[in-house]
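**Q** Below is one structure. I have some questions about it.
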Amino acid sequence: MIISVSHDDRYFQTADQLIRMEYGQIVSQTDDMSKGAGNIQKQIETAENISASDTIEEKNRHFTSKHSSPEFKHKKKGRMEENDRIVGSLNTNKIRQLIFDCILSAIAAPAVVGTIFSATELSHAHLEWRLFAVFIIALTLYLFTFQRFTSTLTRLAEEYIADIRLKVTDRIRHANLYAFEKAGIEKIRTALIYDMKSVSEISNALALTARSFFVFIALLFFMATLSITAFLLTLTIIIMVGGLLVRNQLQIRQIIDQVRYREKNMLNAITDMTEGFKELRLDVRKSNDFFHSSFKRHAAQLRKLKMKFANLFADTCTLMICLWQALFILTALVLPLTKLFSGHTLMTFVGVIVCLPILHFMTTVPRITLSSISIQRLFEFINELSHLEQEEVKPPDDAVMMKFNEIRYEDLSFAYEAEENAPFSVGPLNLIFRPGEIVFVVGGNGSGKSTLMKMLTGLYPASGSVFLNGVEKSLTHCRSLYSTIFYDFHLFDRFYGLKNIDAERVNHLLRVMRLDHKVRFEVDRFSTLDLSTGQRKRLAMLTTIMEDKPIYMFDEWAADQDPEFREYFYTSLLPSFKDQGKTVIAVSHDDRFFHAADRVIRLEYGQLVSHV
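Counting with the UniProt record's numbering, you get residues 1 to 612 for the letters of the sequence shown.
Here it is as C-alpha cells:
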C-alpha cells in the first residue's frame, strides 16, 4: 500500500483513492479521479476580489518613505574604509577615571593595613586618634574607588559590547548576499548571540580582577618597603604557584575546545532524535542502533571531558589555597626563625597577606578562562568582517519608480567560487523586462534559475550592465524596483519600511488569501506566523501586494499551494498584476500554465537555451 500527500492534481488519476481534507476534516473521498478537480474554480471565485481596480484605486507608495527621510540620506561616507574601526573606540575620559580609581585604590589598600598595625605600638592617645582618622579616610577611599571602578568598568564593557554588536550588525546588513552566505549564517548567529552573551556575562569578573590586580601589586610594594628579603621570598612563591596556575588554565582552555566540539556532536545527535522522531518510532531496531551508536557514544565522550574539566577546575582552587597557605607559613613559621624582624613587622606582614585578594582571583580567573574562547572567536569574527565586501546602496528615486518603462540587462553573468571542481556560472545573459508583462523562468534543478533571480535583483555581485529607462545604472540602484518571494524566503511579522498601513486593506487581503481564520492584523503586526509553508507564502504574497513595487519576482511560489490556489495564482492573480502594469518574473515548473506567460525563458546549466 502506498499513501502519498500530493498537491499535483495532474497525476491524481494515478491514485486508486483520493481523500480531500479541509481544516482537519475529510470533505470528500472518491475512487473517481475525473471528479477530483471539478469544483476548483467554484472554490476560488470568492478570491477574485483582487482586481486591478482594487489595487490601483488605493496606491500605496509609502515603501520609499523610510529611504527618502533626511536621517537615511545623511549616511556617513567611506564605509569601505571602516574596517579598522569595526571594534569602535572607548571613552577616553572614562578610561582616565578608571586608571585614577585604580591608583587611589592601590594607595588606600596598604594605608588601611599600615594604620591598623601601626596603632598597636603607639601609646599616645592623640597619635592613635590621628591614625584612626587616617584609617577612616583610607578605608572610605578604598570602598568608594572600589564601587566606582567596578560600576564604571562594567558599564563601559556593556557599552563596548553594545557598540560592537551594532557595528557588526550594520556591517553585515550592508554586505552583498554572496559574501553573507560565504561568511556563514550559523557563525554570524553564534557571534552575535552566544559569544556576545559570554563576553557580557564576565564584565563584572573583569572589573573585579582588574581592580584586584592593582591592589595586589600595591600590597606587594608595601611589603617591599617593610623587608626586601621577605618581599623576594613572597614573590618567589607567587611566581612558582602562578606558573602552575597558568599551566592549569591553558589545559582548561584546551579542554573547553574539545568540550565545544563534543557538545556540537551531541547537539547534532539531539537534532537527529527530534527531527527524526517519526522515523525512529517506526523502527525499534533503528531507534536502538541510533541510541547506542550515536547518542550514548557522544554522551559518554562528553561526560569524560566534563569530568576532566571538573578536576582541572578543582586544581585551580587548590592552587589558590596553596598559595595563601604557603604565604602564611612563610610569615608565621619561616620568617620568625631568621630573627631579622620585629613582632610588629611580622604582624604587618600577616595583615598584608590577609588583605591579598587571592579569593577574588579564585572566583574570577576560571570564569574569564571559560569566556576567553568566546572572546577570541568574537574578535576573529570581527577580523573576518573587515574583509567582507560592502555595498553602498542609495535610496530609491521616487520618480523613476513611478515612471518605470523598462529594465535591460546586457552581458549579465556570475560565477560561484569553487575550491575543487570547476565553478558553476550563469550567463552572460541579455534580458529586457517591461511593465505589464509576465515572464516565466523555467529549467531543471541546478540550471541557475534561483541564481538568476539574485543576479537580476543585485543581491549577487554580477558583472555586466543594466539600463533603467535607457539610462545605465548600477545593479544595487535598481534593487528597490523588486518585491520578491524567494524559495527560502523569510516572513516578518510586520510591514517594515511602510508607513500608514491600511489595516482594512490588509484584512481584506487576508480574507482573499484565506488566512483570516489563522492570522489577524492588529497593532500594526500579524498575530502569528505559525503557519504551513503554503500559508506562509500566501502571507508573503500579501506583503508583496502591500509594498506595491513595479516588479514582482516569485521563485516557485505555487509549488507549496494546493491545486485550488495554484490555479488561482496562474489564472487570476498573475493576470490581475498584469492589468495593474506590474512586471512579473516567476520561476515555475507548471508547464500546464505556461500559456499564462507572455514570455518563457529556459535555462540549462546557467545558459539561456530558449526565449519564447
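Built from N, CA and C at the ideal position, the CB exists for glycine as well. Note that the structure is a prediction, hence the values are computed from the model and not measured.
Rounded to whole angstroms, what's the CA-CA distance from threonine 229 to leucine 323? Just pull it up for me.
**A** Between the C-alpha atoms of threonine 229 and leucine 323 there is a straight-line separation of about 18 Å.
**Q** On a CA-only basis, which of Ile256, Ser293, Leu280, Asn265 is nearest phenylalanine 309? Give me that one, please.
**A** Answer by Cα proximity: Ile256.
**Q** Using a 10 Å radius around the Cβ and a threshold of 16 neighbouring Cβ atoms, would you call serine 480 buried or exposed?
**A** buried
**Q** Less than 8 Å between the beta carbons of alanine 332 and histidine 298, yes or no?
**A** no
**Q** Which residues does DSSP pair with valine 441 in a beta bridge?
**A** Val587, Ile601
**Q** CB aspartate 598 to CB valine 439, shorter than 8 Å?
**A** yes
**Q** Using 8 Å as the threshold, is the C-beta distance between serine 447 and tyrosine 552 below it?
**A** no
**Q** Go ahead and pull the three-state DSSP assignment for aspartate 257.
**A** helix
**Q** Compare the C-alpha of serine 371 against each of Ser293, Gln249, Pro435, Pro357 and name the closest.
**A** Gln249
**Q** Please report the distance separating the alpha-carbon of leucine 302 from that of glutamate 263.
**A** Distance between the alpha carbons of leucine 302 and glutamate 263: 7 Å.
**Q** Determine the closest residue to leucine 98 out of Ile107, Leu153, Ala133, with distance taken between C-alpha atoms.
**A** Of the listed residues, the one whose Cα sits closest to leucine 98 is Leu153.
**Q** Leaving out five residues before and five after isoleucine 237 in sequence, what residues of the same chain have Cβ atoms less than 8 Å from its Cβ?
**A** Leu323, Ala326, Leu327, Leu330
**Q** Taking its Cβ as the centre, do 16 or more other Cβ atoms sit within 10 Å of proline 423, making it buried, or is it exposed?
**A** exposed
**Q** Cα separation between lysine 499 and asparagine 405?
**A** Cα to Cα, the separation comes out at about 26 Å.
**Q** So what does isoleucine 526 bridge to, in DSSP terms?
**A** Looking at the sequence provided, one finds phenylalanine at residue 526 rather than isoleucine. Paired residue(s): Phe521.
**Q** For glycine 351, tell me which candidate among Asp555, Phe146, Val441, Met223 has the shortest Cα-Cα distance.
**A** When each option's Cα is compared against that of glycine 351, the closest is Met223.
**Q** List the residues that DSSP assigns as beta-bridge partners of phenylalanine 414.
**A** Val426
**Q** Just the Cα atoms here: how many angstroms apart are isoleucine 432 and arginine 511?
**A** 35 Å
**Q** Run through DSSP, which three-state label would alanine 175 get?
**A** strand
**Q** Can you name the residues that DSSP bridges to valine 354?
**A** According to DSSP, which records beta bridges pairwise, valine 354 is partnered with nothing at all.
**Q** Does the region 512-519 come close enough to the region 537-545 to have 3 or more Cβ pairs within less than 8 Å?
**A** yes
**Q** I'd like the list of long-range same chain contacts for glycine 184, defined as Cβ closer than 6 Å, with 5 residues on each side in sequence excluded.
**A** none
**Q** Return helix, strand or coil for glutamine 561, following the three-state DSSP convention.
**A** coil
**Q** Quick check: the Cα distance between proline 435 and valine 584, rounded to an integer number of angstroms?
**A** 8 Å
**Q** What's the C-alpha gap between glycine 443 and glutamate 437?
**A** 20 Å
**Q** Classify histidine 344: buried if its beta carbon has 16 or more other beta carbons within 10 angstroms, exposed otherwise.
**A** exposed
**Q** Determine the burial state of threonine 528: buried for a count of at least 16 other Cβ atoms within 10 Å of its Cβ, exposed for fewer.
**A** exposed
**Q** So, at 6 Å on beta carbons, what are the nonlocal neighbours of phenylalanine 144 in its own chain, with the 5 sequence-adjacent residues on each side left out?
**A** none
**Q** Run through the DSSP bridge pairs and tell me what arginine 20 is partnered with.
**A** Ser28
**Q** Less than 8 Å between the C-beta atoms of leucine 131 and leucine 219, yes or no?
**A** No, the pair does not count as a contact, with Cβ atoms beyond the cut-off.
**Q** With glutamine 607 as the anchor, note down where its beta strand (DSSP E) starts and where it stops.
**A** 607-611
**Q** Pick out whichever of Leu412, Gly427, Lys518 has its Cα sitting closest to the Cα of valine 466.
**A** Leu412
**Q** Looking at the strands, I want to know which residues DSSP matches up with valine 471.
**A** Leu468
**Q** Do you know whose CA, among Leu531, Arg525, Ile373, Arg505, lies nearest histidine 517's CA?
**A** Leu531
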